[in-house]
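Per our numbering, residue 295 is the first one in the sequence shown, and the count goes up by one each step. The beta-carbon is built from N, C-alpha and C at its ideal position, and this holds for glycine as well. All values derive from a computational prediction rather than experimental measurement.
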Amino acid sequence: MEGDGFSLLLNYFLGYPVVGSAQMYKTHVAMASTEIDRTKAVGLCSLAPGVGLMAGPLIQLCFSRMSYPGVPLLFGAHINIFTAPSYLIITICIIGAILLLNCFDGRMRIAEKSLQDQKNTMTHPQNVSPLDSVSYISGTSDKVHILNCFTKLKEYDLDSVAIGVCMYTKAVVTLCTQGFFAIGGSYTMIAFQWSSEEAVIYLSIIIASLGFSMIVWNSLYVFFNFGNKFSERRAIVFSLLLLLTVYLCTYPWPFLSDTIPYQSVDTESIDFKNMSMSVNAIQDLLRGCPRRFEWCATTKRIYMPVFSISYILAFGAAYPISLLNLDTLYSKILGPIKQGTMQGIFIACGDGLNIALPVILSTLSTPNMVKRENARKKIAPPPMMSSASGPIVKKIVYGNRAEKLSEKNAAGHTHSWTLYVKALDEDQCISNYVRKVEFVLHNSYQNPLRVIDKAPFELSETGYGGFDVQMKLFFVDVNTKFVKTIFPLAIIDPKNPDGILVNEFYDEIVFDEMTEAMHTALTSSVQKEKDPEEKIREMEPVQRNLAYYEQIRQKLKNSLEAANTEILAEIKDLEDSLSASRDLLKRAGKELGLVLVESEPVPEDAEDKMEAVDPETGG
Numbered sequence: 295m296e297g298d299g300f301s302l303l304l305n306y307f308l309g310y311p312v313v314g315s316a317q318m319y320k321t322h323v324a325m326a327s328t329e330i331d332r333t334k335a336v337g338l339c340s341l342a343p344g345v346g347l348m349a350g351p352l353i354q355l356c357f358s359r360m361s362y363p364g365v366p367l368l369f370g371a372h373i374n375i376f377t378a379p380s381y382l383i384i385t386i387c388i389i390g391a392i393l394l395l396n397c398f399d400g401r402m403r404i405a406e407k408s409l410q411d412q413k414n415t416m417t418h419p420q421n422v423s424p425l426d427s428v429s430y431i432s433g434t435s436d437k438v439h440i441l442n443c444f445t446k447l448k449e450y451d452l453d454s455v456a457i458g459v460c461m462y463t464k465a466v467v468t469l470c471t472q473g474f475f476a477i478g479g480s481y482t483m484i485a486f487q488w489s490s491e492e493a494v495i496y497l498s499i500i501i502a503s504l505g506f507s508m509i510v511w512n513s514l515y516v517f518f519n520f521g522n523k524f525s526e527r528r529a530i531v532f533s534l535l536l537l538l539t540v541y542l543c544t545y546p547w548p549f550l551s552d553t554i555p556y557q558s559v560d561t562e563s564i565d566f567k568n569m570s571m572s573v574n575a576i577q578d579l580l581r582g583c584p585r586r587f588e589w590c591a592t593t594k595r596i597y598m599p600v601f602s603i604s605y606i607l608a609f610g611a612a613y614p615i616s617l618l619n620l621d622t623l624y625s626k627i628l629g630p631i632k633q634g635t636m637q638g639i640f641i642a643c644g645d646g647l648n649i650a651l652p653v654i655l656s657t658l659s660t661p662n663m664v665k666r667e668n669a670r671k672k673i674a675p676p677p678m679m680s681s682a683s684g685p686i687v688k689k690i691v692y693g694n695r696a697e698k699l700s701e702k703n704a705a706g707h708t709h710s711w712t713l714y715v716k717a718l719d720e721d722q723c724i725s726n727y728v729r730k731v732e733f734v735l736h737n738s739y740q741n742p743l744r745v746i747d748k749a750p751f752e753l754s755e756t757g758y759g760g761f762d763v764q765m766k767l768f769f770v771d772v773n774t775k776f777v778k779t780i781f782p783l784a785i786i787d788p789k790n791p792d793g794i795l796v797n798e799f800y801d802e803i804v805f806d807e808m809t810e811a812m813h814t815a816l817t818s819s820v821q822k823e824k825d826p827e828e829k830i831r832e833m834e835p836v837q838r839n840l841a842y843y844e845q846i847r848q849k850l851k852n853s854l855e856a857a858n859t860e861i862l863a864e865i866k867d868l869e870d871s872l873s874a875s876r877d878l879l880k881r882a883g884k885e886l887g888l889v890l891v892e893s894e895p896v897p898e899d900a901e902d903k904m905e906a907v908d909p910e911t912g913g
C-alpha cells in the first residue's frame with residue numbers, strides 16, 4: 295500500500311500546479327477582448343465550471359453502474375466505478391492539449407489599418423483609445439503592425455488604491471465561499487445525521503443545482519448583456535450583500551429550537567440476523583455529532599432547507615457574480631499593459647487562502663487538545679512527578695437514582711432522577727481533587743450540557759425514559775487532563791416498577807504521573823467545610839444506598855438458606871429411599887431362600903470394567 299500512497303501524493307503535486315497554471319487563462323481573456331465585450335468574454339469562460347458541476351454528478355451516476363473490479367485492460371489495469379472518472383479526465387486533458395497546440399496561437403494581434411490612420415491616431419492624443427478598445431484577432435499572418443511602431447504611449451500609471459481594493463475584495467469573497475465549502479460537507483453529516491450514502495445523494499443534488507445556477511448567471515452576462523445593464527461595482531456589492539445574507543441565515547441563532555444531536559445508532563439499519571458486521575459498517579450506523587465535540591451541545595442546528603438554499607446561493611450566485619465582475623473590473627483598472635504579473639498576484643490573493651483555510655478551519659472544528667489555560671497564560675506546563683509510594687488510585691461511584699412521580703408533569707415525564715458522582719469511601723471528599731463535573735444529557739433536554747462546579751456533584755431532572763449519559767471529571771489542577779465515561783441512565787426497576795431505583799457503577803481513577811499541585815490535592819485529607827443543607831443532601835443518598843445494599847444482602851442470605859434447606863431435604867429423601875430399597879431386597883431374598891451379603895460401595899470404575907466383559911464367554 296506504500297506505493298499507492300506515493301502515487302496519490304505525486305498526483306497532488308503534479309495536479310494542483312496544473313490547476314493553478316490554468317487560472318492564467320484570465321490574463322489572455324483580459325488582453326484578447328475589448329473593454330465593451332470583456333464581461334461577455336469572462337462570462338463565457340466562467341460557463342465552463344458550471345457545465346462541469348452539472349455534468350460531473352451525471353457522469354459519476356453513469357459510472358456508478360460499473361462493477362468492481364470491472365473490465366480488465368493492459369498491464370493489470372481495470373476500468374470500473376473508481377477508475378473510469380480518471381480515464382475520462384485523462385482523455386479530456388489529451389484533447390485539450392491537442393487543441394492548444396494546433397488551434398491556439400496565444401499572441402496578441404490587431405486588425406490591419408492603413409499607415410495614415412495609424413499616424414493620425416498616434417499624433418492626435420484626443421483620438422487615442424485605450425488598448426482594450428482595439429479589436430484583437432487570432433491568426434498566423436506576419437503582416438501585422440504593432441501599435442507603438444511610430445510613437446510610444448506615455449507610461450501608464452496604475453491606480454494602486456483601486457488595485458488594492460480589488461485584491462482585498464477577492465480575498466474576502468474567497469474566504470467567505472471557501473470557508474463555507476470546507477465545512478459544508480462535514481457539517482451536513484453531523485447536523486442532519488446523514489449516512490455516507492445519504493450525503494452522496496443529497497450533496498450531488500445540491501452540487502447539480504449549484505452548477506445550474508452558475509450556468510444561468512453566466513448565460514445572462516453572455517447572451518443578455520447584463521454587463522452593459524449593470525456596472526461591475528454594483529454587481530460586486532450585490533454579491534457581497536448576498537454572501538452576508540447567506541451567513542446571517544446560516545448563523546446558529548439562540549431562538550432556534552434544536553441543538554446539533556450527538557451520535558446515536560440507526561437501529562433500522564442494523565441487520566440482527568447477521569451481526570458479524572465490519573468496523574466501518576458499525577461506524578456508519580453512528581449518525582450525528584461525535585461525543586468528543588463539546589460545541590455540539592450548545593450550538594443550534596440550522597434547518598436543512600435553509601442550509602441547502604444558502605449553499606446554492608453562495609456558490610451558484612454570489613461566487614460567479616463576484617468573480618466575473620471582479621475579473622472584468624480588475625482588467626479594466628490595469629489598462630493597456632501586459633497583465634500577466636498583476637493577474638498572477640490577483641489570483642494568488644484568492645487561491646493563497648486555500649493553503650491556510652483548511653488548517654485553520656480543521657483546528658476550529660475539532661476538539662482543542664492544547665491546554666487552553668496554559669495558552670492564555672503563555673506558560674509551559676509544569677513538570678510532572680510520580681508518587682514515591684506508586685500510583686495513586688481514587689475509587690469513585692457514579693450513576694443515578696430514580697423515583698416514580700405521583701402523576702405526569704406538564705412535559706409528560708413520569709419519573710424524577712438524579713445523576714451523581716462521589717467517592718466510594720464516605721470519609722473522603724471527591725471535591726478535594728475534582729473541580730467540576732459535566733453531564734451531557736439527551737438532545738431532547740434544553741441545554742443538554744450541564745456543568746456542576748461544586749460539591750455535591752449531582753444533577754436532578756425528570757424524564758420518561760433512559761438514555762446514555764456522558765460524564766466528564768475536571769480536576770483542580772488545570773494541567774491534568776479530564777477523564778470521561780459514558781453510562782446508561784435507568785429509571786425503572788423491572789422487579790419493582792413503583793419503587794426507588796439505584797443504578798450505580800464502580801470505577802477507579804489511577805494517577806501515575808501528576809503535577810505537584812495535583813499530588814497535594816490527591817493526598818490531602820482536609821475536607822471542605824459544608825453547610826448543613828449540603829451535608830443533608832450528601833448523606834441522604836448514602837442512607838438510601840445502605841438500605842438498598844442491606845436489602846440485597848438479606849435477599850441473597852434468604853436464597854442461600856432456602857437452597858440449603860432444599861438440598862438437605864433431598865438428601866433425607868434419598869436416604870429414606872435407599873433404606874426402603876434395602877428392606878425390600880432383604881424380604882425378597884428370604885422368600886427366594888437367598889442370603890444377601892452387605893456389599894461395599896461400588897467403585898467409580900465399576901461400569902468400565904463391566905463393559906469390558908464379554909457377555910457370552912465371561913472373559
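For residue 764, the enclosing beta strand (DSSP E) has its first and last residue at 761-769. A straight-line Cα-Cα distance of about 58 Å links residue 854 and residue 550. It is roughly 46 Å from the alpha-carbon of residue 806 to the alpha-carbon of residue 469. When C-beta atoms of the region 689-699 are compared with those of the region 794-809, three or more pairs fall below 8 Å, so the two segments count as touching.
Per the Cβ contact rule, the region 777-795 is not in contact with the region 741-752 (fewer than 3 Cβ pairs under 8 Å).
Excluding residues up to 5 positions away in sequence, nothing lies with its Cβ nearer than 8 Å to the Cβ of residue 304 in the same chain.
For residue 711, the enclosing beta strand (DSSP E) has its first and last residue at 709-717. Here the C-alpha atom of residue 797 lies approximately 6 Å from the C-alpha atom of residue 695. With distances taken between CA atoms, residue 602 lies nearest to 504 out of 459, 504, 593 and 395. Per the coordinates, the alpha-carbon of residue 706 lies some 26 Å from the alpha-carbon of residue 590. Contact between the region 624-640 and the region 510-523 is absent: fewer than 3 CB-CB pairs across the two stretches fall below 8 Å. Under the three-state reduction of DSSP output, residue 583 falls in the strand class. Residue 453 holds the alpha-carbon nearest to the alpha-carbon of residue 626 among 794, 453, 643 and 852.
The region 611-619 makes contact with the region 528-536, as at least three CB pairs between them are under 8 Å. When only Cα atoms are considered, residue 467 and residue 350 end up about 24 Å apart. Per the DSSP secondary-structure output, residue 693 pairs in a beta bridge with 714 and 798. Contact between the region 615-629 and the region 486-496 is absent: fewer than 3 CB-CB pairs across the two stretches fall below 8 Å.
Pairing residue 509 with residue 348 gives a Cβ-Cβ distance under 8 Å.
Here the C-alpha atom of residue 496 lies approximately 16 Å from the C-alpha atom of residue 353. When DSSP reads this structure, residue 750 sits in no beta bridge, so it has no partner.
The C-beta distance from residue 461 to residue 339 rounds to 20 Å, too long to fall under 8 Å, and the pair is not in contact. Only exposed fits residue 858, as fewer than 16 other CB atoms lie within 10 angstroms of its CB.
The C-alpha of residue 761 lies about 58 Å from the C-alpha of residue 872.
Judged by DSSP in its simplified three-state form, residue 779 adopts strand.
Bridge partners of residue 756 according to DSSP: 710.
Per DSSP, reduced to three states, the secondary structure at residue 595 is coil, with no helix or strand assignment. Under DSSP, residue 528 forms no beta bridge with any residue.
When secondary structure is reduced to three states using DSSP, residue 686 falls in the strand class. For residue 626, the enclosing alpha helix (DSSP H) starts and ends at 613-628.
With 16 or more other Cβ atoms inside 10 Å of its own Cβ, residue 711 counts as buried. Per DSSP, residue 733 lies in no alpha helix (DSSP H) segment; the continuous beta strand (DSSP E) that holds it begins and ends at 728-734. Cβ neighbours of residue 708 within its own chain (closer than 7 Å, five residues either side excluded): 698, 699, 702 and 758. Residue 485 and residue 606 have their C-alpha atoms roughly 18 Å apart. Assignment of residue 808 by DSSP, reduced to helix, strand and coil, places it in the strand class. Rounded to whole angstroms, the gap between the alpha carbons of residue 780 and residue 867 is 52 Å. When secondary structure is reduced to three states using DSSP, residue 555 falls in the coil class, being assigned neither helix nor strand.
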